[in-house]
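S.K.: Protein chains in written order, with this note's numbering: chain A, 1 to 128; chain B, 129 to 256.
Think of the CB as a built atom: it goes at the ideal place given N, C-alpha and C, for glycine as much as any other residue.
#1: Is the shortest distance between the beta-carbon of residue 41 of chain A and the beta-carbons of chain B less than 8 Å?
#2: Please give the ranges of any alpha helix (DSSP H) in the region 27-92 of chain A, keeping only runs that are unbroken, at least 4 residues long and fully inside the region.
#3: I want to verify the contact list: residues of chain B whose CB lies under 8 Å from the CB of residue 3 of chain A, in sequence order.
#4: How many whole angstroms separate the CB atoms of residue 56 of chain A and residue 23 of chain A, which I take to be in contact at a CB cut-off of 8 Å?
#5: Beta-carbon separation of residue 51 of chain A and residue 36 of chain A under 8 Å?
#6: Kindly say whether residue 227 of chain B, judged by its beta-carbon, lies nearer than 8 Å to any beta-carbon of chain A.
#7: Going by the CB atoms, is the gap between residue 209 of chain B and residue 143 of chain B shorter than 8 Å?
#8: Can you have a look at residue 100 of chain A and say buried or exposed, based on whether 16 or more other CB atoms are within 10 angstroms of its CB?
#9: Starting from residue 239 of chain B, follow its DSSP beta bridges and name the residues at the other end.
#10: Quick check: what's the CA-CA separation for residue 2 of chain A versus residue 166 of chain B?
#11: Starting from the Cα of residue 8 of chain A, find the closest Cα among A:85, A:18 and A:102 and give me that residue.
#12: Given that residue 240 of chain B touches chain A, what residues does it touch there, using C-beta distances under 7 Å?
#13: Are the CB atoms of residue 133 of chain B and residue 71 of chain A within a distance shorter than 8 Å?
#14: On the DSSP bridge assignment, give the partners of residue 233 of chain B in chain order.
#15: Hey, quick one: how far does the alpha helix (DSSP H) through residue 17 of chain A stretch, first residue to last?
#16: Let me check you understand the geometry: is the CB of residue 144 of chain B closer than 7 Å to at least one non-hydrogen atom of the ligand NAD?
#17: In angstroms with no decimal places, state the Cα-to-Cα distance between residue 40 of chain A and residue 116 of chain A.
#18: What residues are listed by DSSP as bridge partners for residue 124 of chain A?
#19: At the 8 Å Cβ level, is residue 187 of chain B part of the contact set with chain A, yes or no?
#20: Counting only Cβ pairs nearer than 8 Å, list the residues of chain B close to residue 116 of chain A.
#21: Quick check on residue 125 of chain A: buried or exposed, where buried means 16 or more other Cβ atoms within 10 Å of its Cβ?
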């Protein structure tokens with residue numbers, strides 16, 4: 001049975017796996033025929049293979065993922081997430097609100113990330 | 129055409145009308161056949177009349193509504209909202225994340241409020 005606790009545990013695990021940057025492990029949290037729309041309004045990626053390909057864009061990035069606020073009810077979670085990526089030149093921060101639905105086994109059936117370019121901040125790193 | 133600006137303006141107007149406590153005025157922000165699910169997982173209210181009846185539960189409550197975080201992309205907004213209601217005995221605070229979709233005219237086509245009882249805090253007012 002799906003519970004609020006199971007949903008919030010899966011959201012926390014999602015943030016941990018984002019940080020670990022293993023696309024296949026992230027995709028395992030999704031149901032086989034799940035959909036990802038990031039940002040909402042962009043093309044919908046459907047199925048674990050397409051979802052793993054999407055997250056593989058994170059490969060090799062130094063990334064932190066901090067859950068700022070998590071809410072859950074029914075089959076749905078919404079959470080405010082701060083993702084910071086660091087490259088040689090830039091530190092970039094993006095803070096979407098993500099909305100996920102879950103099946104009865106606690107697998108993610110859909111994810112829509114709500115953010116626009118105004119929610120992304122880039123800082124050039126000072127040369128060292 | 130629906131724009132991010134139009135969506136965020138409508139969300140701000142929604143918060144203002146919540147504070148004003150006029151259920152009919154809140155319902156006017158919704159499309160005729162819109163749906164409200166508050167909290168997500170509870171019965172879906174469909175149509176402006178049912179939606180106005182839902183918000184009429186706020187009638188006569190002293191209420192403040194503060195938008196903590198607003199995100200928008202595509203046809204969707206997600207926002208973290210703090211609603212504080214004050215009665216003779218209690219001050220109650222609830223901080224859901226609400227998810228709304230919009231039609232091309234900027235009217236709300238669906239609202240799902242993501243919160244659970246753990247997100248509600250009641251304080252007994254000290255006797256005066």
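M.R.: Straight from the coordinates:
#1: At least one C-beta of chain B is nearer than 8 Å to the C-beta of residue 41 of chain A.
#2: Runs of the alpha helix (DSSP H) inside the region 27-92 of chain A: 48-55.
#3: What residue 3 of chain A touches in chain B: nothing, since even the nearest Cβ is about 10 Å away.
#4: For residue 56 of chain A against residue 23 of chain A, the beta-carbon gap comes to about 4 Å, under 8 Å, which counts as contact.
#5: It is a contact, given that the beta carbons lie within the stated cut-off.
#6: Chain A, which has a Cβ nearer than 8 Å to the Cβ of residue 227 of chain B, makes this yes.
#7: Closer than 8 Å, so yes.
#8: With 16 or more other Cβ atoms within 10 Å, it is buried.
#9: Beta-bridge pairing links residue 239 of chain B to B:164 and B:228.
#10: Within the model, the alpha-carbon separation for residue 2 of chain A versus residue 166 of chain B is close to 18 Å.
#11: Ranked by Cα distance from residue 8 of chain A, the options A:85, A:18 and A:102 are led by A:102.
#12: What residue 240 of chain B touches in chain A: 76.
#13: Pairing residue 71 of chain A with residue 133 of chain B gives a Cβ-Cβ distance that is not under 8 Å.
#14: Looking at the DSSP assignment, residue 233 of chain B forms no beta bridge with any residue, so it has no partner.
#15: For residue 17 of chain A, the enclosing alpha helix (DSSP H) begins and ends at 4-20.
#16: This structure simply doesn't include the ligand NAD, nor any ligand for that matter.
#17: Spanning the alpha carbons of residue 40 of chain A and residue 116 of chain A requires a straight line of approximately 9 Å.
#18: According to DSSP, which records beta bridges pairwise, residue 124 of chain A is partnered with A:90.
#19: No - not a single Cβ of chain A is within 8 Å of the one on residue 187 of chain B.
#20: Residues of chain B passing the Cβ test: 132, 199, 200 and 201.
#21: Within 10 angstroms of the beta-carbon of residue 125 of chain A lie fewer than 16 other beta-carbons, which makes it exposed.
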